[in-house]
Amino acid sequence: MQTVKMVVTGPFNAGKTSFIGAVSEIPVVRTERKISDDTRAVKDSTTVAMDFGRITVDQDLVLYLFGTPGQKRFDFMWEILSEGMLGFVVLVDSARPETFREARSILDTFRGYSNTPFIVAANKQDDEDAWPPDDLRIAMSLDENVRVLPCVSGDKNSVKSILVQLLEVILEYLPEESAAKSIK
Amino acid sequence: MALKGNLRDVGLNQLLNLIHLARKTGALSVQNDNGGGNARLYFREGKLIYAALDGQETRLTDMMVKIGKLNPDQVAAIRQRAQVDTDKALGLAMIQTGILTQADIVQGVKNYLLETVYQLLTWAGGVFIFEPNHAPAEERITVPINLDHLIIEGGRRVREFEKLREELPDLDVPLKFTERQDANLRNINLSVDQWKIISFINSRNTIRQIASYLKVDEFQIRRIVNGLQQAGLVELGTTPRVPVPVTVGTAYPSPSAPNVGRGVLLRVMDRLRGL
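And the structure:
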C-alpha cells in the first residue's frame, strides 16, 4: 500500500479543520484543546497537534491530509508534518487581514522546510468582508505565478477544486525523469 | 466587496500598491487608532485623485493657503469675485485675477494630496475600508497622481520615519538644553520649525505635548527634534528603556522533495474529481 500526503497549513482559525473534514472519508482525527489565552475570543478550542484525514484512492494508494496547528507556539510540529509531503495548501482567512502577514510568514517557513509546490487558498469567500483572491495576492506580496484560489472550506466541491489544482501544480513541477519513469 | 482592515496589519503603502496594481476606483477611508483624526482618499483607475482630512472635503482655497500659495486676504478677494462658491469657480477666479495660473493650481492640489498621503504614512494604526466606485463631490478639482512614484517616496519616508522612531522611541519625555561642557554652540542656524520647538523647551512639556500644541505630526516632530539633537543643542530627559529582544535565525533543514511518479498523481487527481 502506497501512501501520499498533503499538508494544509495557515494561521489560527483559517479553516484548516473544516477544509480537511469536507473531503475526508473518515471523521477527521482531531486533537483539540480548550484555549487558555486571548485567542479564546475567536474560538473556544483549537488544533494543538494536527488534523488527520484520509481519502482512499484505490486498493494500493491512499492520500492523507494533515492539518497543522495554527498557533505559533506549536510550530515545532510543522516541520515534522511537512516531511515527505507532495505539496501544501496555505489556507488564509480572507476576511481577517490581520492574519495575512502571519500567513505569509507560515508560507515562507514551509518553503524553508521543503521545496515542494503549494497553492494559497483564499478561504471564507462566502463572508461579505472577504478580500478577493487578487487583492489577497497583492497584500501577501505573492508572485504572479503563485496560484491564489477562492475557497469555502466547508464546501466539498470548493475543497476538491483546491486539491485538484494543487495536484496540477505538483505535476507541473514534476521532473521529466519522473514523468518518463511513470510512462514505462 | 469592500476591503476592510487595520493599518497595523496592512500598511498604507501596501494598500496603495494594491490599488495601483489592481487599478481600483473608489474611496479609502482611514480612522486613526489613537484618535488622531480620519482621512478619505479617492482613486480613479489606480490613481490618487483627491484627499480629504478629518471629514472635511478641503476647499481649493484652503489647500492653496496651506501650501503657501495664497494668503487669507487673497482668499477673501477671490471668494468675493467668484460668482458661485464651488472649487471650480474659485479656481477660475484665481486665474482671472492673475493671482495663480492653472499650472500653479494643478501643482498646488498635487502637492496638497501628496502631503496628505505622506502624513497618513506616519499613522501606525487605523481602521480602513475601501469602498469601490465612490467619488468626491462633482465640483471638487481632482488631479490624477500616478501611485508608483508615491509608493517609492512613501516607502522612503516610512523607512526614514522608522529610523527616526528608533532614535526617538518615546515622545513622552521632555527636552532640555545640552549640559555638555564641550558642546559647540556657535554658528548654529535654526529653521523656523526648530525655533518654534526651542521656545517650548522646559521640564514640564513633553515632546508629544509640544507637537500637539504646534499641530505637528509625529514624523515632523521626530525629524525636527533629531535635527536639534544632531546639532548638539538639545538632549532628552532620561527614561527607562526596555531592552529589545534579539531573535536568532535558524538554518532551514534540507529539502525533502516527494518521490512519486506522474501516474500516482493522476490517480489521486481522478479520485478527488470523483468524490
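Protein chains in written order, with the working numbering: chain G, 1 to 184; chain D, 1001 to 1275. Note that the Cβ used here is the ideal one computed from N, Cα and C, for glycine as well.
{"Asked": "Chain D within 7 Å of residue 139 (chain G), Cβ atoms only", "Found": "yes"}
{"Asked": "7 Å Cβ shell around residue 1102 (chain D) - same chain, five flanking residues per side excluded", "Found": "1095"}
{"Asked": "Reduced DSSP category for residue 1229 (chain D) - H, G, I as helix; E, B as strand; rest coil", "Found": "helix"}
{"Asked": "Below-7 Å beta-carbon distance, residue 178 (chain G) vs any chain D residue", "Found": "Legend: pLDDT at residue 178 (chain G) = 49, less than 50; position of this residue unreliable, value from coordinates given subsequently. Chain D, which has a Cβ nearer than 7 Å to the Cβ of residue 178 (chain G), makes this yes."}
{"Asked": "Chain D within 7 Å of residue 75 (chain G), Cβ atoms only", "Found": "no"}
{"Asked": "Reduced DSSP category for residue 1031 (chain D) - H, G, I as helix; E, B as strand; rest coil", "Found": "strand"}
{"Asked": "In chain order, each alpha helix (DSSP H) run of at least 4 residues that lies wholly inside the stretch 49-87 of chain G", "Found": "76-82"}
{"Asked": "First through last residue of the beta strand (DSSP E) which encompasses residue 2 (chain G)", "Found": "2-9"}
{"Asked": "Interface flag, residue 1249 (chain D) vs chain G, CB-CB below 7 Å", "Found": "Per-residue confidence for residue 1249 (chain D) stands at a pLDDT of 30, beneath the threshold of 50, marking its modelled position as unreliable; the derived number appears in the next sentence. Taking Cβ atoms only, chain G never reaches closer than 7 Å to residue 1249 (chain D), which makes this a no."}
{"Asked": "Short Cβ contact (7 Å threshold) for residue 1126 (chain D) with residue 1062 (chain D)", "Found": "no"}
{"Asked": "7 Å Cβ cutoff, residue 1009 (chain D) in contact with chain G", "Found": "yes"}
{"Asked": "Cut-off 6 Å between Cβ atoms - residues of its own chain near residue 1088 (chain D), not counting five sequence neighbours on either side", "Found": "1139"}
{"Asked": "Cβ shell of residue 1090 (chain D) (< 8 Å), same chain only, five flanking positions each side left out", "Found": "1059, 1060, 1061, 1078, 1079, 1082"}
{"Asked": "Of the listed residues G:136, G:28, G:110, nearest to residue 1005 (chain D) (C-alpha basis)", "Found": "G:136"}
{"Asked": "Proximal chain D residues relative to residue 164 (chain G), where beta-carbon distance stays under 7 Å", "Found": "1269, 1272, 1273"}
{"Asked": "Cβ distance (whole Å) where residue 1158 (chain D) is taken to contact residue 1013 (chain D) below 8 Å", "Found": "6 Å"}
{"Asked": "Beta-carbon proximity check, residue 1052 (chain D) vs residue 1040 (chain D), cutoff 7 Å", "Found": "yes"}
{"Asked": "Run of the beta strand (DSSP E) containing residue 959 (chain D), from where it starts to where it stops", "Found": "Residue 959 (chain D) lies beyond the range of chain D shown here (1001 to 1275); nothing can be said about it."}
{"Asked": "Which residues DSSP lists as bridging residue 1129 (chain D), in chain order", "Found": "D:1004, D:1029"}
{"Asked": "Residue 1235 (chain D), DSSP secondary structure in three states", "Found": "strand"}
{"Asked": "Per-residue DSSP class, three states only, for residue 120 (chain G)", "Found": "strand"}
{"Asked": "Check whether residue 139 (chain G) and residue 100 (chain G) have beta carbons under 7 Å apart", "Found": "yes"}
{"Asked": "Terminal residues of the alpha helix (DSSP H) in which residue 1268 (chain D) lies", "Found": "1262-1273"}
{"Asked": "Given 8 Å, three or more beta-carbon pairs between the stretch 148-156 of chain G and the stretch 104-117 of chain G", "Found": "no"}
{"Asked": "Given residue 1148 (chain D) as reference, the closest of D:1030, D:1029, D:1048, D:1213 once Cα atoms are compared", "Found": "D:1048"}
{"Asked": "Residues that residue 2 (chain G) contacts on chain D, provided the C-beta gap is smaller than 9 Å", "Found": "1260, 1264"}
{"Asked": "Check whether residue 97 (chain G) and residue 1010 (chain D) have beta carbons under 7 Å apart", "Found": "yes"}
{"Asked": "Contacts that residue 100 (chain G) makes with chain D (C-beta to C-beta distance below 7 Å)", "Found": "1009, 1010"}
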